[in-house]
Structure formats: structure tokens, C-alpha cells
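Residue numbers (this note's numbering), protein chains in the order written: chain L, 3 to 218; chain S, 3 to 218.
Every residue gets a Cβ at the ideal spot worked out from N, C-alpha and C, and that includes glycine.
From a predicted model like this one, the values you see are computed outputs, not experimental measurements.
One structure is given here, and the rest of the page talks about it.
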């Protein structure tokens with residue numbers, strides 16, 4: 003299988019399929035149709051069949067998908083059957099909230115290093131970690147590499163931090179800073195962007211005519 | 003125009019179109035083709051034409067879209083030409099990071115109330131706000147309604163908080179708690195889910211064979 007031919011938008015949908023399939027498996031379901039899976043996710047059955055066709059033949063016409071087999075295969079394709087090491091840059095309020103986030107560990111994502119530039123934070127214990135000086139970010143990551151960098155610094159310095167992460171061998175960046183940043187080809191970047199989520203809800207509020215604020 | 007016929011996945015793509023169009027407008031571009039817009043966003047030109055066809059006729063065959071007109075129309079459709087009031091529930095580390103997030107205000111989203119249950123946080127000043135006792139959440143929102151609720155409480159109590167928000171007239175919820183929650187029909191819900199973002203990057207890391215951790 004060559005990864006290059008698969009559109010990134012398809013890859014981005016796979017974790018959502020994995021989550022839905024994991025719920026079905028928990029409920030003891032053994033088979034699911036593309037129609038039912040699509041119905042739960044707001045995706046057409048044709049889209050699901052097309053997305054999965056990139057990775058092989060999973061379903062028999064009219065028989066549906068084997069939940070366990072499809073789940074295991076997608077998890078393996080996505081690399082979710084292993085553990086991933088992450089470094090957090092920015093250990094202020096947002097960074098501390100990320101360190102305390104309960105959702106990473108159970109899914110195999112582990113923050114193994116944390117960095118900040120504030121003298122009051124450097125050396126501070128956060129769970130099993132000691133916050134390191136961000137001035138040593140590159141050296142620290144070359145000594146003990148991580149897979150993913152999480153960026154929780156102010157927007158003004160986010161690009162600079164990301165450049166150091168990439169120079170230090172990080173191939174995937176999750177950016178919480180509210181600013182558009184760039185990475186070179188071959189490096190993955192995802193943005194946590196609550197504004198996009200809000201903007202997809204206001205459509206429905208505007209349709210309702212239920213605004214609490216006077217129209218601007 | 004009736005909102006009911008438009009698939010939610012189409013609505014969810016519109017803010018991404020708006021962002022790309024706003025960048026093009028900033029660069030002084032007046033016309034863009036569906037091919038070019040799609041190329042920037044990883045969406046097929048056919049998908050863009052189909053998505054936009056729900057809202058009227060924007061482009062002339064072979065002429066491309068007028069950037070300014072399309073941008074204004076989409077912003078109006080999405081309700082982005084007005085101001086929206088939000089209430090934040092949970093003023094701990096994550097809540098304080100959300101209060102300090104610089105991306106909301108410029109896009110017309112304003113946190114006008116904040117709530118917590120911790121005696122050490124209730125009454126605390128956060129910018130222009132005073133943190134209110136979450137015990138008064140319902141009464142406070144009935145007195146001064148908001149459009150959107152932001153939930154930044156521990157997972158165990160997220161559903162309970164969301165139920166109160168909905169009972170108090172909130173029609174849109176942005177949930178940061180790392181747990182699946184439910185809302186009744188007619189209420190919009192979006193989840194800030196960094197794990198889904200991480201899981202869409204590990205595919206590429208697994209293809210690279212560049213894991214920093216031993217395979218699990």
C-alpha cells in the first residue's frame with residue numbers, strides 16, 4: 003500500500019469511523035452496513051464505501067462490514083495499535099490544562115516532556131514531568147526524540163517554536179495557538195480551532211432566529 | 003431557503019471556505035475557481051460546486067466565483083455578520099485558558115459570563131467578568147440569555163452542566179470535556195477533540211516508520 007495516493011481528507015475521516023466502530027463493538031454488534039454507519043456519522047454510504055476502498059476489500063455486497071475486523075484493520079492503518087510520545091511546549095494555563103486532559107493516555111498518546119520559558123514554571127513538577135527550559139528544546143528532543151509536538155504558546159512565538167520542533171525531528175504538530183502556522187512538506191500539522199466549531203453552529207442559531215444579542 | 007434540507011456536513015465545511023476566501027480577499031484576489039479553492043482545502047471542485055449549490059447560484063460556468071460576493075454571502079448565511087454571546091462553565095485552568103484565548107473576539111464571539119463551583123474561583127475577576135456560582139447557572143441565563151454555552155468542566159459533570167444549559171435556553175454547546183455527551187434534537191453540539199486530530203496524524207507517522215517509541 004502506498005500512502006501517497008490517499009487523500010488527506012479520507013485519512014481525516016478514518017478516526018471518526020474508528021470511534022463509531024469501537025462504540026458498536028462495545029455494544030456487541032458484529033456487522034454494520036455502510037448505510038447505518040453513514041447514518042450515524044452524517045456521511046453517505048457511498049462515501050464510506052469509497053473511503054474504505056482505498057485500504058482493501060472489507061465488505062461483501064449486501065452483507066455489511068465485520069465490525070471487529072474493520073476496527074482492527076483501521077486501527078492498524080492509523081497506527082493506533084501502538085504508543086506515541088509527545089512533547090508539550092507551553093506549560094502555562096492552557097499547557098497545564100492539556101497536561102491534565104484525561105483523553106490522551108487511554109488512546110496511546112503520552113506527554114513525556116514539557117517546556118516553558120517562564121522562570122516560575124521551569125523546574126516545576128507536573129505529574130510525572132519536570133518542566134524544562136524551552137531554550138533546551140532542540141537539545142532535549144535530539145537526546146530523547148518524540149513523535150508529536152503540542153504547541154500551547156502565545157501566537158506571536160508559535161511559528162518559532164514549531165520551527166525548532168521540526169528541526170529537532172518532530173514530524174507531527176498539534177497547534178493550539180490561535181494563529182495560522184506553516185510546516186514544511188512531510189510534516190503533519192493540525193490546528194485546534196474552536197472558532198471553526200462555533201462558526202458551524204451559528205448557521206443553525208441564525209436559522210432559528212434565536213439570537214440573544216442584537217443583530218450587529 | 004429552508005435550513006432543514008442542507009446536510010450538516012455541508013454546513014461544517016462552510017466556515018473553512020469562509021476562512022480561505024477571507025485570505026484570498028486579503029491578498030486582493032477578486033475571482034477564484036472551484037478548482038483552486040478545492041486545491042487549497044483538499045476538497046474536489048465538484049464537492050465545492052455541490053456544497054455551494056445549496057445556497058444559490060454563485061459562479062458562472064468557466065468564470066469562477068467572485069471572492070467578495072461569495073464571502074459576504076457565506077458569512078451572512080452562517081450568521082457571522084453579527085455578534086454572539088457565550089457563557090463559559092468551568093473557570094479552572096482550561097476555562098481560564100479559554101477566557102484568555104485571543105481568537106474569539108475578532109470573529110464576533112464574546113464570553114459574557116463565567117461560572118464555577120469552586121469557592122476559590124467564585125467571585126474572582128477574569129478580565130471584565132466576575133466568576134459566578136454555577137449553582138445559579140440557570141437563573142443567571144434566564145435573566146440574561148446567551149447564544150452558546152462553552153463547557154470546560156471535568157467529564158463526570160459535563161452532561162449535568164449541559165442539561166442545565168439546554169433547560170436555560172442555550173441552543174448551541176461547545177464541549178471541551180473529554181467525554182461523549184448528548185443534547186436534544188434542535189440543539190447544536192460540537193466537541194473539541196484533540197485525540198481525533200492526533201489520530202489523523204499518526205497514519206502518516208506510521209507510514210514514515212519514524213516512531214520514536216517502541217511498537218506496542
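- Residue pairing for residue 190(S): DSSP places it in a beta bridge opposite 174(S).
- Inter-segment contact for the region 174-189 of chain S and the region 160-178 of chain L is absent: fewer than three beta-carbon pairs are separated by less than 8 Å.
- Per the Cβ contact rule, the region 108-124 of chain L is in contact with the region 141-149 of chain L (3 or more Cβ pairs under 8 Å).
- According to the DSSP assignment, residue 182(L) belongs to no beta strand (DSSP E), since it is labelled neither H nor E.
- Between residue 77(S) and residue 20(S), the beta carbon gap of about 6 Å places them in contact (Cβ cut-off 8 Å).
- Between residue 40(S) and residue 47(S), the gap from beta carbon to beta carbon is short of 8 Å.
- Distance from the CA atom of residue 83(L) to the CA atom of residue 32(L), rounded to whole angstroms, is 20 Å.
- DSSP places residue 149(L) in no beta strand (DSSP E); its state is neither H nor E.
- When rounded, the separation of the alpha-carbon atoms in residue 191(S) and residue 12(S) is 16 Å.
- Taking 8 Å as the CB threshold, residue 81(S) lines the interface with chain L.
- Rounded to the nearest angstrom, the gap between the Cα atoms of residue 208(S) and residue 185(S) is 36 Å.
- The DSSP-derived three-state label of residue 56(L) is coil.
- Bridge partners of residue 116(L) according to DSSP: 90(L).
- An exposed status is given to residue 120(S), since fewer than 16 other beta-carbon atoms sit within 10 Å of its beta-carbon.
- 8 Å or more divides the Cβ of residue 100(L) from the Cβ of residue 205(S).
- At a cut-off of 8 Å between C-beta atoms, residue 192(S) counts as an interface residue with respect to chain L.
- The beta-carbon distance between residue 200(S) and residue 166(S), rounded to whole angstroms, is 31 Å. This is too long to meet the 8 Å contact definition.
- Going by beta carbons, residue 43(L) and residue 22(L) fall inside the 8 Å limit.
- Taking every protein chain shown into account, the CB of residue 28(L) has fewer than 16 other CB atoms within 10 angstroms, so this residue is exposed.
- Proximity of residue 135(L) to chain S, defined by a Cβ-Cβ separation below 8 Å, is not satisfied.
- Looking at the DSSP output, residue 132(S) shares a beta bridge with 127(S).
- Within chain L, the residues whose beta carbon sits less than 8 Å from that of residue 205(S) are 5, 13, 16, 79, 80, 81, listed in sequence order.
- By the Cβ rule, the region 154-163 of chain S counts as touching the region 82-96 of chain S, because three or more pairs are nearer than 8 Å.
- For residue 15(L), the number of other beta carbons within 10 angstroms of its own is at least 16, and it is reported as buried.
- Not a single CB atom of chain L sits nearer than 8 Å to the CB of residue 117(S).
- Considering only 98(S), 49(S), 193(S), the residue with the shortest C-alpha distance to residue 131(S) is 98(S).
- Residue pairing of residue 67(S) in beta bridges, as defined by DSSP: 34(S).
- At least 8 Å separates the beta-carbon of residue 194(S) from that of residue 124(L).
- Secondary structure note for residue 99(S): its alpha helix (DSSP H) is the uninterrupted segment 95-101.
- Annotation: residue 106(S) is outside any alpha helix (DSSP H) and is labelled neither H nor E by DSSP.
- Its Cα nearest to that of residue 158(S), the residue 177(S) stands out among 141(S), 177(S), 142(S).
- Not one beta carbon of chain S lies nearer than 8 Å to the beta carbon of residue 37(L).
- In this structure, residue 175(L) and residue 197(L) do not form a Cβ contact; the two beta carbons are roughly 19 Å apart against a cut-off of 8 Å.
- Nearest to residue 37(L) by alpha-carbon distance, out of 18(L), 153(L), 141(L), 66(L), is 66(L).
- Within the region 162-187 of chain L, the residues whose Cβ lies closer than 7 Å to any Cβ of chain S are, in chain order, 173, 174, 176, 180.
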